[in-house]
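A.B. asks:
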Amino acid sequence: MSFANASIPAIDQAAEAIASAKCVVATTGAGISVESGIPDFRSAGGIWSRYPPEEYASIEAFLENPSKVWALWRELGDQLGACRPNPGHRALADLERHAKLRAVITQNVDNLHQDAGSQDVVEYHGNSRRLVCLDCGALTPFNPDKVARGVPHCPCGGLLKPDVVMFGELIPPAAMLRAESLARTADVVIVVGTSAQVFPAAQLPFTAKERGAIVIEVNTEKTDLTRTITDVFLQGPAGIVLPALAERILRL
Ligand code: APR
Ligand code: ZN
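Numbering (my numbering), first residue to last: 370 to 621.
#1: Would you check if there are 3 or more beta carbon pairs closer than 8 angstroms linking the segment 382-389 to the segment 544-551?
#2: When we look at the beta-carbon of SER564 and count the other beta-carbons within 10 Å, is it buried (16 or more) or exposed?
#3: Apart from the five residues just before and just after ASP484, which ones in its own chain have a Cβ nearer than 6 angstroms to its Cβ?
#4: Can you find the residues in the same chain that come closer than 6 angstroms, C-beta to C-beta, to VAL610, ignoring five residues on each side of it along the sequence?
#5: Quick check on ASP532: does DSSP put it in helix, strand or coil?
#6: Give the straight-line distance between the Cα atoms of CYS392 and PRO422, rounded to the nearest whole angstrom.
#7: Where does ALA539 fall in DSSP's three states?
#8: Might you give, ordered along the chain, the residues of its own chain that have their beta carbon closer than 8 angstroms to the beta carbon of VAL533, omitting 5 neighbours on each side?
#9: Going by C-alpha distance, which of ALA462, VAL561, ILE583, TYR420 is nearest ALA390?
#10: Tell me which residues share the same chain as GLU424 and place their Cβ nearer than 6 angstroms to its Cβ, disregarding the 5 neighbours each side in the sequence.
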């Protein structure tokens, strides 16, 4: 489908591509959760402008000073726990329910896609609602009120950390493999709310594009993807654009 046809509004071109596709996959970043009250990382005033990632979000920093990193995670845990899915998350869950979306690959750890009803969610960077023991690998739910103050430990004595991928850690192999397979299978990829700066997540739309997929991007600003592989750029907040897109798709 050529997108040179500027006479058709971009959102209608996107809706038609998705409605007629065999396998549609969404990849999402922090931008989709901004309208749920969670700041993104790299926009002005984003999380990294207040908590330098090398001090708070790398596995080295965590092992060096777990209590400092845990202080941030408690604050974030309280904030994340109070946040609810927005119409953007719900629109993707709707499309999945109507078999117009296969899966969501998310870099977010806020569980809002699952809370919105999405069933097939690839947690590419883990999930902040779980804790993992660095010694025995046991997973436990993270309930900020229940977790012991200070630095929580596993009954085995191991250090507990939020089950999220920190800088310097590997992407969970199962998530990596599933995301790669989805990117190779998709004939349409909807890229929502990511600056596409962090690899290997940022590679996924390129993998799909190399196999001929159509790339639809939803973002408030242009990104490196917009300037390279995006076929249809829908500029605007995900909480507005995605419901409008879903409404058009489900009407076709
Ligand atoms: N709707 C759509 N897009 C938005 C919105 C919105 N309401 N608000 C912001 N954005 C866009 C920004 O323009 C930006 O391009 O979302 C993107 C957010 O980019 P980042 O803050 O870099 O977040 P993300 O791409 O998810 O970061 C990837 O980096 O720090 C790591 O592990 C962290 O998963 C994260 C990864
Ligand atoms: Zn343990």
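Just so it is clear, CB atoms sit at the ideal spot from N, CA and C, and this is done for glycine as well.
C.D. replies: Taking the coordinates as given:
#1: no
#2: For the purposes of this step, residue 564 is identified with residue 195 of the sequence shown, where counting begins at 1. SER564 should be labelled buried.
#3: Translated into positions along the sequence shown, residue 484 becomes position 115. Cβ within range, chain order: PRO454.
#4: Here residue 610 refers to the residue found at position 241 when the sequence shown is read from its first residue. So the list reads VAL587, LEU603, once near-sequence residues are dropped.
#5: Against the sequence shown, residue 532 aligns to sequence position 163. Strand, per DSSP.
#6: Residue 392 sits at position 23 when you count from the first residue of the sequence shown. Residue 422 sits at position 53 when you count from the first residue of the sequence shown. The straight-line gap from Cα to Cα measures roughly 35 angstroms.
#7: Counted from its first residue, the sequence shown places residue 539 at position 170. Here residue 539 turns out to be Leu, not Ala, going by the sequence shown. Coil at LEU539, not helix or strand.
#8: For the purposes of this step, residue 533 is taken as residue 164 along the sequence shown, with counting starting at 1. Result list for VAL533: VAL478, HIS494, GLY495, ASN496, SER497, in chain order.
#9: Counting from one through the sequence shown, the residue named residue 390 turns up at place 21. Ranking the options by Cα distance to ALA390, first place goes to ILE583.
#10: In the sequence shown, residue 424 corresponds to position 55, counting from 1. Within the same chain, GLU424 has close Cβ partners ALA430.
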